[in-house]
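Participant: Chains A and B are the protein sequences, given in the same order. Letter by letter, the first sequence follows residues 668 to 892 of the working numbering. Letter by letter, the second sequence follows residues 8 to 417 of the working numbering. First the structure, which I've put down as structure tokens, then a few questions once you've had a look.
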Amino acid sequence: MRVLLIEDDQTVRNFVAKGLSEAGHLVEQAADGKQGLALACQDKFDVIILDRMLPGGVEGLHILETLRREGNLTPVLLLSALADVDEKVAGLKAGGDDYVSKPFSFSELQARLEALVRRNRNEAQPLTKMNVGDLEIDLLSRSVRRGGQKIDLQPREFRLLEFLMRHTGQVVTRTMLLEGVWDYHFDPQTNVIDVHISRLRQKIDKPFEHALVHTIRNAGYMLQE
Amino acid sequence: MSMFQRLVQTHFRKVRIQSVSLRFGLVYSALFISSSVLFLSFVWWGTIGLLEQRVRHSITLDAHAMLTEWTREGILGLENLISNRLAQDIDDNAIYLLSAPDGKLLAGNLAHWPARLDSPQSWQTLPVLRDGQLNLAQVRIWTLQGDYHLLIGRDISERTQIQRMLTDAMLWTCLMVGLLAVGGGWVVRALFRRIIHSINRTTLAITQGDMSRRIPVSGTGDELDDVALTINQMLDRITRLMDGVKQVSNSIAHDLRTPIARARAELEDASNSATSEQALRAAIDQAVINLDNVTGICEALLRIAQIEAGTRRSAFAIFDLATTLRDMAELYEAVADDHDLELHTDLPAHLSFWGDQAMFQQALANILDNAIKFSPPHGTISLSARELPAPLSRNGPAPSALRSWIAVLA
Numbered sequence: 668m669r670v671l672l673i674e675d676d677q678t679v680r681n682f683v684a685k686g687l688s689e690a691g692h693l694v695e696q697a698a699d700g701k702q703g704l705a706l707a708c709q710d711k712f713d714v715i716i717l718d719r720m721l722p723g724g725v726e727g728l729h730i731l732e733t734l735r736r737e738g739n740l741t742p743v744l745l746l747s748a749l750a751d752v753d754e755k756v757a758g759l760k761a762g763g764d765d766y767v768s769k770p771f772s773f774s775e776l777q778a779r780l781e782a783l784v785r786r787n788r789n790e791a792q793p794l795t796k797m798n799v800g801d802l803e804i805d806l807l808s809r810s811v812r813r814g815g816q817k818i819d820l821q822p823r824e825f826r827l828l829e830f831l832m833r834h835t836g837q838v839v840t841r842t843m844l845l846e847g848v849w850d851y852h853f854d855p856q857t858n859v860i861d862v863h864i865s866r867l868r869q870k871i872d873k874p875f876e877h878a879l880v881h882t883i884r885n886a887g888y889m890l891q892e
Numbered sequence: 008m009s010m011f012q013r014l015v016q017t018h019f020r021k022v023r024i025q026s027v028s029l030r031f032g033l034v035y036s037a038l039f040i041s042s043s044v045l046f047l048s049f050v051w052w053g054t055i056g057l058l059e060q061r062v063r064h065s066i067t068l069d070a071h072a073m074l075t076e077w078t079r080e081g082i083l084g085l086e087n088l089i090s091n092r093l094a095q096d097i098d099d100n101a102i103y104l105l106s107a108p109d110g111k112l113l114a115g116n117l118a119h120w121p122a123r124l125d126s127p128q129s130w131q132t133l134p135v136l137r138d139g140q141l142n143l144a145q146v147r148i149w150t151l152q153g154d155y156h157l158l159i160g161r162d163i164s165e166r167t168q169i170q171r172m173l174t175d176a177m178l179w180t181c182l183m184v185g186l187l188a189v190g191g192g193w194v195v196r197a198l199f200r201r202i203i204h205s206i207n208r209t210t211l212a213i214t215q216g217d218m219s220r221r222i223p224v225s226g227t228g229d230e231l232d233d234v235a236l237t238i239n240q241m242l243d244r245i246t247r248l249m250d251g252v253k254q255v256s257n258s259i260a261h262d263l264r265t266p267i268a269r270a271r272a273e274l275e276d277a278s279n280s281a282t283s284e285q286a287l288r289a290a291i292d293q294a295v296i297n298l299d300n301v302t303g304i305c306e307a308l309l310r311i312a313q314i315e316a317g318t319r320r321s322a323f324a325i326f327d328l329a330t331t332l333r334d335m336a337e338l339y340e341a342v343a344d345d346h347d348l349e350l351h352t353d354l355p356a357h358l359s360f361w362g363d364q365a366m367f368q369q370a371l372a373n374i375l376d377n378a379i380k381f382s383p384p385h386g387t388i389s390l391s392a393r394e395l396p397a398p399l400s401r402n403g404p405a406p407s408a409l410r411s412w413i414a415v416l417a
């Protein structure tokens with residue numbers, strides 16, 4: 668996919684660009700707000716990574732607001748050292764689709780980017796049923812089956828599975844799960860998410876031959892056939 | 008501050024018009040002068056008025072006796088009475104004059120009618136010629152039946168003298184009052200300045216960094232002592248807070264330095280002695296974890312700063328504490344289970360609470376984390392909340408409070 672990276676710090680820019688290029692994405696770079704805004708208006712991108720505090724007189728949120736005012740709906744991931752909850756809310760209100768605060772791990776950024784692009788593509792059709800391999804869930808009756816066998820899940824476990832299903836084939840980080848399933852925006856010190864995933868695995872993977880939930884080292888989890 | 012500056016400053020302080028002490032002194036002087044003048048003029052008017060009243064009273068008494076004599080004995084009797092009165096006048100200040108309808112003087116001690124005379128039946132003060140002397144007199148004229156005229160009066164030259172004496176005395180007194188006012192004002196100003204300066208000296212010393220200074224307390228228990236005690240208490244509290252900040256910054260420095268030092272040591276060690284790529288990667292991963300710890304500490308510090316500064320106040324809102332706690336317990340129940348612990352909750356259906364929900368979740372997560380981490384296996388962690396009858400917070404619209412949060416039982 669085509670990514671526009673607007674970031675003034677050269678180290679961070681190179682780090683992100685290198686990582687994304689290695690993952691097979693096409694990356695355009697802009698070092699200040701003016702250049703970034705010009706690029707974002709000229710070309711069509713799949714996603715924009717936008718720093719908030721930029722040199723050159725054009726601030727990140729200003730770029731975002733300008734784009735949205737002109738009807739440009741390219742997903743924007745805000746990447747900023749302003750890590751406060753209020754700042755996040757301000758960023759999302761201005762039209763941002765996701766917010767990653769610095770310092771960040773590349774795997775987190777990548778996972779969120781892919782989730783964003785995917786969401787943008789899938790948004791059109793509302794889902795009632797999803798399946799991965801022989802695992803299928805019905806969102807209306809809230810039932811889960813694997814290989815024709817019914818599996819009982821707690822409401823929270825169901826939401827966890829639903830989230831994983833919606834991001835099938837994508838890495839989902841622990842923070843994404845905590846935000847998406849529990850709606851918590853803080854960093855728990857212990858392995859809370861791991862414990863919940865392991866419980867889910869007990870129910871949907873353990874009685875069956877091959878596992879669907881995979882652990883991705885240093886990143887998170889992935890649901891895949 | 009240089010010696011010169013200090014000199015200039017003290018000099019200016021002496022002549023400064025915008026000075027509270029000077030204002031106090033001036034107010035005192037003005038009050039003293041105005042009350043003295045008021046008092047003295049009361050005495051002056053009182054004395055002079057009394058004297059005049061006495062003169063009029065004695066003239067009225069005389070007139071009453073004479074009119075009675077006139078009715079009883081006629082003009083001859085009146086003439087005799089006037090002669091008697093004049094003969095018995097010891098003070099030598101009585102003035103009588105009786106004239107016939109044709110203007111002829113029948114009795115009295117005036118050579119002729121006074122030149123300037125207004126209508127009868129009214130009090131007049133005018134100069135009269137008596138025994139070759141022109142003196143001031145108070146007189147009144149009665150017209151008798153048959154167009155006889157009777158003048159009765161009193162020589163008031165003595166009263167004029169008293170009045171002059173009194174006025175002189177008043178002027179001198181005023182001068183004394185003025186001097187006293189200035190002196191008193193000066194004393195008041197000096198007193199006030201001494202009080203202010205004792206506070207000012209101390210606060211100035213504290214501003215320049217000497218936190219050990221305190222305002223001297225006289226021990227008399229007066230208002231000044233109250234002020235001094237309050238300020239001293241305030242200073243004690245500030246000192247305590249500053250000590251607290253110092254302690255916190257020391258521990259922050261420690262908490263930050265430890266993971267940084269660890270990361271540095273690992274990287275340096277790996278750079279010097281790592282033999283394989285795997286060992287290098289492991290060292291780098293460990294350093295990243297340590298750096299993440301530093302980030303976590305920075306965030307916690309920022310949060311503390313925000314809470315202390317009260318900026319998070321804007322995030323305060325009413326939320327259901329019971330639901331928040333239940334959700335939190337649900338998140339951590341699995342973890343507790345994993346550690347062979349039981350998480351027991353005792354929560355009401357609803358508990359309206361006023362606060363910062365995000366901060367609250369964060370705090371609760373830390374507490375539950377620690378409870379799970381430090382409880383021995385097979386223990387019970389109980390989380391309970393209930394509403395207090397008495398409000399703890401006076402600012403919140405929903406005055407309910409969390410009483411007992413969490414008890415860790417082995």
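Beta carbons: idealized from backbone N, C-alpha and C, even for Gly. Source: prediction; values computed, not measured.
I'd like the span of the beta strand (DSSP E) that includes M183(B), first residue to last.
Facilitator: Within the second sequence, numbered from 1, the residue matching residue 183(B) stands at position 176. Per DSSP, M183(B) belongs to no beta strand (DSSP E); it is in the alpha helix (DSSP H), S164 to T214.
Participant: Taking 7 Å as the threshold (beta carbon to beta carbon), is V342(B) in contact with chain A?
Facilitator: As a position in the second sequence, residue 342(B) is number 335, starting the count at 1. Judged by the 7 Å Cβ criterion, V342(B) is in contact with chain A.
Participant: If I measure Cβ to Cβ from T180(B) and keep anything under 8 Å in the same chain, skipping five residues before and after, which residues do I get?
Facilitator: Taking the second sequence and counting its residues from 1, one reaches residue 180(B) at position 173. Cβ within range, chain order: S43 and L47.
Participant: Bridge partners of P134(B), per DSSP?
Facilitator: Indexing the second sequence from 1 puts residue 134(B) at position 127. Beta-bridge pairing links P134(B) to L143(B).
Participant: Against chain B, with Cβ distances strictly below 7 Å, would F771(A) count as a contact?
Facilitator: Against the first sequence, residue 771(A) aligns to sequence position 104. So, not an interface residue.
Participant: Using the C-alpha atoms, what's the distance from D753(A) back to R220(B)?
Facilitator: Taking the first residue of the second sequence as position 1, residue 220(B) is located at position 213. Taking the first residue of the first sequence as position 1, residue 753(A) is located at position 86. Cα to Cα, R220(B) sits roughly 43 Å from D753(A).
Participant: When you compare the CB positions of L117(B) and L104(B), do they come within less than 7 Å of one another, or not?
Facilitator: In the second sequence, counting from the first residue as 1, residue 117(B) sits at position 110. In the second sequence, counting from the first residue as 1, residue 104(B) sits at position 97. Cβ atoms of L117(B) and L104(B): closer than 7 Å.
Participant: Since A707(A) contacts L734(A) with CB under 8 Å, what's their CB separation in whole angstroms?
Facilitator: Within the first sequence, the letter at position 40 stands for residue 707(A). Within the first sequence, the letter at position 67 stands for residue 734(A). Going by Cβ atoms, the distance from A707(A) to L734(A) rounds to 6 Å, so yes, they are a contact pair.
Participant: Can F771(A) and Q369(B) be called in contact, C-beta distance under 7 Å?
Facilitator: As a position in the first sequence, residue 771(A) is number 104, starting the count at 1. As a position in the second sequence, residue 369(B) is number 362, starting the count at 1. In this structure, Q369(B) does not lie closer than 7 Å to F771(A) by Cβ.
Participant: Let me check understanding here. Comparing Cα to Cα, which of G139(B), W77(B) and V146(B) lies closest to H64(B)?
Facilitator: Residue numbering aside, residue 64(B) sits at position 57 when the second sequence is read from its first letter. Comparing Cα positions, the closest option is V146(B).
Participant: Give every residue of the same chain whose Cβ lies closer than 8 Å to the Cβ of I245(B), excluding the five residues on either side of it in the sequence, and list them in chain order.
Facilitator: Here residue 245(B) refers to the residue found at position 238 of the second sequence. Taken in chain order, the residues that qualify are M218.
Participant: Could you please give the first and the last residue of the uninterrupted alpha helix (DSSP H) stretch that includes I871(A)?
Facilitator: If you number the first sequence from 1, residue 871(A) lands on position 204. From DSSP, the alpha helix (DSSP H) with I871(A) extends over V859 to I871.
Participant: Determine the direct distance from the alpha carbon of W130(B) to that of L68(B), and round the result to whole angstroms.
Facilitator: The residue you call residue 68(B) lines up with position 61 of the second sequence. The residue you call residue 130(B) lines up with position 123 of the second sequence. Cα to Cα, the separation comes out at about 14 Å.
Participant: Write down every uninterrupted run of the alpha helix (DSSP H) in the stretch 326-396 of chain B whose length is 4 residues or greater and which is fully enclosed by it, in chain order.
Facilitator: The stretch 326-396 of chain B contains these whole alpha helix (DSSP H) runs: 328-345 and 364-381.
Participant: Answer yes or no: do A392(B) and L350(B) have a C-beta to C-beta separation smaller than 7 Å?
Facilitator: Position 385 of the second sequence, counted from the start, is the residue given in the question as residue 392(B). Position 343 of the second sequence, counted from the start, is the residue given in the question as residue 350(B). Contact: no.
Participant: Does the CB of S411(B) have a neighbour CB from chain A at under 7 Å?
Facilitator: Here residue 411(B) corresponds to residue number 404 of the second sequence, with the count starting at 1. Residue confidence is low: S411(B) scores 36 on pLDDT, short of 50, so the model does not pin down where it sits. No coordinate-derived value is stated.
Participant: Just to confirm my understanding: we take G800(A), look at its own chain, exclude 5 residues before and 5 after, and list those with CB closer than 7 Å. What are they?
Facilitator: To locate residue 800(A), count along the first sequence from 1; it is residue 133. Excluding residues within five positions, the ones whose Cβ falls inside 7 Å are L879 and E892.
Participant: Just tell me which of N142(B), V195(B) and L158(B) has its CA closest to the CA of L38(B).
Facilitator: Locating residue 38(B) in the second sequence gives position 31, where the first residue counts as 1. For the residues N142(B), V195(B) and L158(B), the minimum Cα distance to L38(B) belongs to V195(B).
Participant: Since V683(A) meets chain B, which of its residues come closer than 9 Å, beta carbon to beta carbon?
Facilitator: As a working mapping, residue 683(A) is identified with position 16 in the first sequence. By Cβ distance, chain B contributes nothing, its closest Cβ being about 16 Å from V683(A), past 9 Å.
Participant: Taking H71(B) as the reference, which of I148(B), Y339(B), V252(B) and C305(B) has the closest Cα?
Facilitator: The sequence position of residue 71(B) within the second sequence is 64, counting from 1. Among I148(B), Y339(B), V252(B) and C305(B), the Cα nearest to that of H71(B) belongs to I148(B).
Participant: Does A372(B) get closer than 7 Å to chain A when you measure Cβ to Cβ?
Facilitator: The sequence position of residue 372(B) within the second sequence is 365, counting from 1. Yes - at least one Cβ of chain A is within 7 Å of the one on A372(B).
Participant: Just confirm the distance between the C-beta atoms of L867(A) and L802(A), as a whole number of angstroms; I'd bet it's less than 8 Å.
Facilitator: Along the first sequence, one-based indexing puts residue 867(A) at 200. Along the first sequence, one-based indexing puts residue 802(A) at 135. Going by Cβ atoms, the distance from L867(A) to L802(A) rounds to 11 Å, so no, they are not a contact pair.
Participant: Pick from L236(B), D109(B) and P121(B): whose alpha carbon is nearest that of I102(B)?
Facilitator: Working through the second sequence from its first residue, we reach residue 102(B) at position 95. Nearest of L236(B), D109(B) and P121(B) to I102(B), Cα basis: P121(B).
Participant: Tell me which residue opens and which closes the alpha helix (DSSP H) that V50(B) is part of.
Facilitator: In the second sequence, residue 50(B) corresponds to position 43, counting from 1. Unbroken alpha helix (DSSP H) run through V50(B): V27 to Q95.
Participant: Do the stretch 230-242 of chain B and the stretch 257-277 of chain B touch if we need at least three Cβ pairs shorter than 8 Å?
Facilitator: Output reads no: the stretch 257-277 of chain B does not touch the stretch 230-242 of chain B.
Participant: Output the distance between the C-alpha atoms of V301(B) and A343(B), rounded to the nearest integer angstrom.
Facilitator: Start at 1 with the first residue of the second sequence, and residue 301(B) comes out as number 294. Start at 1 with the first residue of the second sequence, and residue 343(B) comes out as number 336. Each residue's alpha carbon lies about 27 Å from the other.
Participant: Going by alpha carbons, who is nearest to E689(A) out of F830(A), T882(A), Q777(A) and R786(A)?
Facilitator: Walking along the first sequence from the start, residue 689(A) turns up at place 22. It is Q777(A) whose Cα lies nearest to the Cα of E689(A).
Participant: Is F830(A) close to chain B, meaning its C-beta is less than 7 Å from at least one C-beta of that chain?
Facilitator: Within the first sequence, the letter at position 163 stands for residue 830(A). No, no contact with chain B.
Participant: Per the DSSP calculation, H852(A) is bridged to which residue(s)?
Facilitator: Counting from 1 along the first sequence, the entry for residue 852(A) is found at position 185. H852(A) pairs with nothing; no bridge assigned.
Participant: Return the CA-CA distance between S164(B) and Y35(B), expressed in angstroms with no decimal places.
Facilitator: Within the second sequence, the letter at position 157 stands for residue 164(B). Within the second sequence, the letter at position 28 stands for residue 35(B). Going by the C-alpha atoms only, they are around 40 Å apart.
Participant: At least one CB of chain B closer than 7 Å to the CB of P923(A): is that the case?
Facilitator: Any answer about residue 923(A) is impossible in this case: the structure gives chain A only from 668 up to 892.
Participant: Would you mind stating whether A372(B) and P855(A) have Cβ atoms separated by less than 7 Å?
Facilitator: Position 365 of the second sequence holds residue 372(B). Position 188 of the first sequence holds residue 855(A). Yes, Cβ-Cβ distance for A372(B) and P855(A) is below 7 Å.
Participant: For the alpha helix (DSSP H) that contains M241(B), what are its first and last residues?
Facilitator: Taking the first residue of the second sequence as 1, we reach residue 241(B) at position 234. Note, M241(B): alpha helix (DSSP H), E230 to S280.
Participant: From the DSSP secondary-structure annotation, give me the bridge partner or partners of Q285(B).
Facilitator: Residue mapping note: residue 285(B) aligns to position 278 of the second sequence, counting from 1. Answer is none; Q285(B) lacks a bridge partner.
Participant: Please list the partners that R866(A) has in chain B, where partner means a Cβ-to-Cβ separation under 7 Å.
Facilitator: Locating residue 866(A) in the first sequence gives position 199, counting from the first residue. Going along chain B in sequence order, the residues near R866(A) (Cβ under 7 Å) are A341.
Participant: Report the residue from Q709(A), K755(A), F712(A) and V714(A) whose alpha carbon sits nearest the alpha carbon of L728(A).
Facilitator: Here residue 728(A) is taken as the residue at index 61 of the first sequence, counted from 1. The shortest Cα separation from L728(A) among Q709(A), K755(A), F712(A) and V714(A) belongs to K755(A).
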